[in-house]
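Asker:
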Amino acid sequence: MSAQNNNGAKDPWGSGQKSPPDLDAIINKGINDLKNRFTGGSGGKGGGAGGLSRALPLFLVFGVGLSLWSAYYTVPSDSVAVVQRFGMYLKEVPPGLHFKLPLGIDKSTVVPVKRQLKQEFGFSTPGARDAYQGSRDGNLETQMVTGDLNAALVEWVVQYRISDPVKFLFAVREPAETLRYVSESVMREVVGDRTVDEVITIGRQEIEIEALLKMQELSSKYEMGINIDQVQLKNINPPRPVQESFNEVNQAQQEKEKLINEARREYNKVIPLAEGEKDQRIREADGYRLKRINEAEGDVARFNALFTEYRKAPEVTRRRIYIETMQEVMPRIQNKILVDDDMSGLLPLLNIGEQKGGKK
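Okay, here's the thing in structure tokens:
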């Protein structure tokens with residue numbers, strides 16, 4: 001029934017209404033309309049019975065529609081549904097379209113078992129749907145004391161999956177909130193066992209691994225139905241009053257590491273080159289040694305062979321050696337003078353070393 005048919009009144013939400021409508025008046029008007037429908041608009045018995053008989057099919061249609069609407073449900077592909085009957089666990093159903101008993105007899109709870117969930121500590125991602133994902137009080141969560149009694153601001157992320165939907169829903173009350181408490185407790189314990197330098201610089205990976213193992217151990221002990229996939233440290237900074245001084249110390253350490261790396265680079269560049277030159281000189285010396293030994297051994301063998309021939313025919317061997325020596329020496333001499341012992345004086349001879357048309 002429209003607003004115009006209700007005793008000729010105008011629409012209370014119309015544009016001409018300057019002030020908000022009275023909710024009590026609207027509710028009372030609806031109650032009166034229902035009474036008029038049941039009683040047929042009169043106070044007689046026949047009118048009441050007629051109104052009830054006319055309204056009964058509407059109630060039946062409404063009940064059937066409500067039952068059908070509450071009897072089916074859809075489970076996404078990355079989830080499973082846990083079905084309860086009168087509050088008691090009944091079964092788990094896979095993804096897809098399913099049906100249940102309507103009107104609150106069966107209740108289905110969708111649990112995203114294949115989706116990777118995360119919790120952030122010290123910061124919050126805008127637009128997160130999970131109420132337990134972001135940090136509630138980042139200052140309190142990030143303030144930690146290290147093993148050497150220094151303070152550090154630690155931010156980290158825990159990524160996890162729901163491994164057992166039944167334990168996740170029924171074993172622990174508010175398992176996501178419990179995981180936040182467990183994660184914060186474990187991280188404070190792990191950070192408290194290390195110095196501030198290890199926490200900020202070289203010990204990050206060890207902290208992540210140890211925290212992951214301890215969080216998983218506590219989650220299994222409490223039967224939370226959660227599997228921890230990764231613990232990742234984000235920003236780790238000293239407290240703001242000492243942050244500037246700490247940055248200077250950190251910069252000095254980085255400069256030290258830089259100089260050490262440059263020295264190692266020069267060392268790796270010069271030492272292998274010197275060792276290569278040393279090996280080359282040694283190989284050259286070995287080659288020269290083998291060459292001289294082989295030449296000496298060859299000369300000895302040649303002289304021994306020559307001496308053997310000389311012993312067989314000394315005169316012939318002596319003349320042959322003389323002739324071979326002259327053949328080797330004479331071509332190197334530019335000016336040659338022949339001397340005969342039988343001659344009383346020297347005679348001018350033709351310079352046999354000068355070629356025709358050439359120079360000396």
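Each residue of the sequence shown is one higher than the one before, counting from 1 in UniProt numbering.
Cβ coordinates follow ideal geometry from the N, Cα and C atoms, glycine included.
Source: prediction; values computed, not measured.
Where DSSP assigns a beta bridge to Ile236, which residues make up the other side?
Answerer: Answer by DSSP bridge pairing, in chain order: Val154.
Asker: With three or more C-beta pairs closer than 8 Å as the rule, is the stretch 153 to 172 touching the stretch 108 to 125?
Answerer: Verdict: yes, contact present.
Asker: Helix or strand or just coil, what does DSSP make of Ser108?
Answerer: In the structure shown, Ser108 sits in a strand (DSSP, three-state: E or B).
Asker: For Lys45, collect the residues of the same chain with a Cβ closer than 8 Å to its Cβ; drop the 5 residues on either side in sequence, then sort them by chain order.
Answerer: At Lys45, the pLDDT of 48 sits below 50, so the modelled position is not reliable and the matter cannot be decided from this model.
Asker: Is it right to say Asp106 is buried, meaning 16 or more other beta carbons lie within 10 angstroms of its own, or is it exposed?
Answerer: So Asp106 counts as buried.
Asker: Ignoring anything shorter than 4 residues, give me the alpha helix (DSSP H) runs that lie fully in the stretch 125 to 182, in order along the chain.
Answerer: Segments of the alpha helix (DSSP H) lying fully in the stretch 125 to 182: 138 to 142, 165 to 170.
Asker: CA-CA distance, Met330 and Glu315?
Answerer: Cα to Cα, Met330 sits roughly 22 Å from Glu315.
Asker: Below 7 Å CB to CB, which residues in the same chain sit around Ser42 once its five sequence neighbours on both sides are set aside?
Answerer: For Ser42, the predicted structure reports a pLDDT of 48, less than 50, and the residue's modelled location is therefore unreliable. A value from the coordinates is still provided. If we look at Ser42 and ignore the five residues flanking it on each side, it has no Cβ neighbours.
Asker: From the DSSP output, which residues share a beta bridge with Arg85?
Answerer: DSSP lists Met88, Asp106 as partners of Arg85.
Asker: So if DSSP puts Phe99 in a beta bridge, which residue, or which two residues, is it bridged to?
Answerer: Note: Phe99 sits in a beta bridge opposite Tyr72.
Asker: How many angstroms separate the CA atom of residue 423 from the CA atom of Val190?
Answerer: Outside the displayed span of the chain (1 to 360) sits residue 423, for which this structure offers no information.
Asker: Which value, in whole angstroms, describes the spacing of the CA atoms of Val249 and Arg240?
Answerer: Rounded to whole angstroms, Val249 to Arg240 spans 15 Å at the Cα level.
Asker: Give the straight-line distance between the Cα atoms of Ser124 and Leu233, rounded to the nearest whole angstrom.
Answerer: So the alpha carbons of these two residues sit roughly 14 Å apart.
Asker: Taking the straight line between their C-alpha atoms, what separation do you get for Ser220 and Lys269?
Answerer: Rounded to whole angstroms, Ser220 to Lys269 spans 53 Å at the Cα level.
Asker: Skipping 5 residues on each side, what residues in its chain have a beta carbon closer than 8 Å to that of Ala71?
Answerer: Only Phe99, Lys100, Leu101, Pro102 meet the Cβ criterion.
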